[in-house]
Structure formats: structure tokens, C-alpha cells
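Scroll down for the structure; my scribbles are underneath it.
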Amino acid sequence: HRGQTLHKFEDIVRHLESCKFSTDYGLSSRTATEVRVYRQLTVDALAPALALTFWLDAKNFTGLTRKWYADKLGVPMSFYYPGLYRAKALELVQTSTGIDDLLDPDADFDLAYLESEVMKKATEALDILSAKLGDNPFVFGQHPTTVDAQLYAHLAPALKAPLPSSGKLVQAIQERPNL
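For what it's worth, my numbering labels the leading residue of the sequence shown as 12, then goes sequentially.
Structure representation (C-alpha cells):
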């Protein structure tokens, strides 16, 4: 818009709000605060689980993620960017779990333990979001908000991508059919 290219969800939301166009426009201040809290919960808990699923799970990384990036980026970028993005995924998971030695190449960390820590947070968040959604079509009732968009953006890739190893995140989402 007007020569700007927006890539990040938050930037797009801010821009739309500045144009007085938002699914959150007109919400009470309390509901708007709840929306921000649920959006943050979604990012804090589900982004590391997605990173783990797509970038750290060896089967998914080699069978889908790296292969897809190699196909779309071509040579030579396909040799550089998947490794860079995988390192960023490791950093995100490290930050979310508090495991300090994760990026240390000499450290011996247990991927199963790492997955259990990430999935514990993701499962708790999915439980909270599922309870909030209940039988409603959208998280805050009859009308969508940015929480619904952000939740969809985090759940759809795990459910729709042809993952070689679906893993615990997909199972956790499928166990909550209202999501």
C-alpha cells in the first residue's frame, strides 16, 4: 500500500488499524486486551512447536522443508537459507525453553526432552484456546478477530502440510476438534 511492502503479521495489523479497518475495530477495551493476550499466547506457545515440527524434526526437515526451499530458491540460495532458517528455529526453541546450551555445538542435548518442553507449552495453549473457543465459530463469539487469523496461521501449516512425520503437534491439534 502506497509503496510499502508489509511482511510481518503485526505490521499488517497496525497498517489496517491505522486505516480503521480491522476485525478488532470497535471491540471494548477489555476485549481488545484479551485479544492481545490470546495473540501473544498463540505466538509464544505455537511458534516454537511449529519451528520444532518443520525445522528440527529430522524427517520433516529433510523430507519436506529443505526439499521445498531447495525447489523454490534454487542454487546457490538453497544451500544457504535452509541452514540459516534452521538456526533461527533452534534459537526460537532455545529462547522458549530456556535450554542455554542448545546452540553450543559441543553440547549434548536430548531432542525428546526438548520436544516435551515445547509441546507442554503448546498443549497448554491449545487447551486454553480450545476452551475459549468452545462451540463458537470464532474465539470471541460470532465474529472473527485477529486471534482467529493468527490461530489459523499457526495451525493450518501443521495440519495441511504433507509432513513425513506428523508428530505431537499435529496430534495435539487433532485432539481438539473445535480448533
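Think of the CB as a built atom: it goes at the ideal place given N, C-alpha and C, for glycine as much as any other residue. Nothing here was measured: the structure is a model prediction, and the numbers come from that model.
Short Cβ contact (7 Å threshold) for residue i with residue j
| i | j | result |
| --- | --- | --- |
| P59 | V158 | no |
| T53 | Q161 | yes |
| A56 | A136 | yes |
| S127 | R187 | no |
| A133 | V104 | no |
| D35 | V48 | no |
| A169 | T44 | no |
Span of the alpha helix (DSSP H), counted from its first residue to its last, around residue i
| i | result |
| --- | --- |
| F20 | 20–29 |
| S177 | Neither: S177 is in no alpha helix (DSSP H) and is coded neither H nor E. |
| W66 | Segment: none, W66 is in no alpha helix (DSSP H) and carries neither H nor E. |
| L170 | 157–171 |
| D82 | 77–84 |
| V150 | Looking at the DSSP string, V150 is not in any alpha helix (DSSP H), and its letter there is neither H nor E. |
| T106 | 88–108 |
Distance, residue j Cα to residue i Cα
| i | j | result |
| --- | --- | --- |
| K171 | V181 | 10 Å |
| Y80 | Y92 | 8 Å |
| P116 | A98 | Bear in mind that the predicted position of P116 carries a pLDDT of just 48, short of 50, making it too unreliable to give a figure here. |
| S107 | S33 | 29 Å |
| A69 | L75 | 10 Å |
| K143 | K179 | 22 Å |
| F72 | L125 | 16 Å |
| L17 | L95 | 22 Å |
| R41 | L101 | 35 Å |
| I139 | P87 | 43 Å |
| Y163 | L190 | 9 Å |
| S89 | D146 | 44 Å |
| Q153 | G85 | 44 Å |
| Q15 | K31 | 18 Å |
| H165 | F151 | 18 Å |
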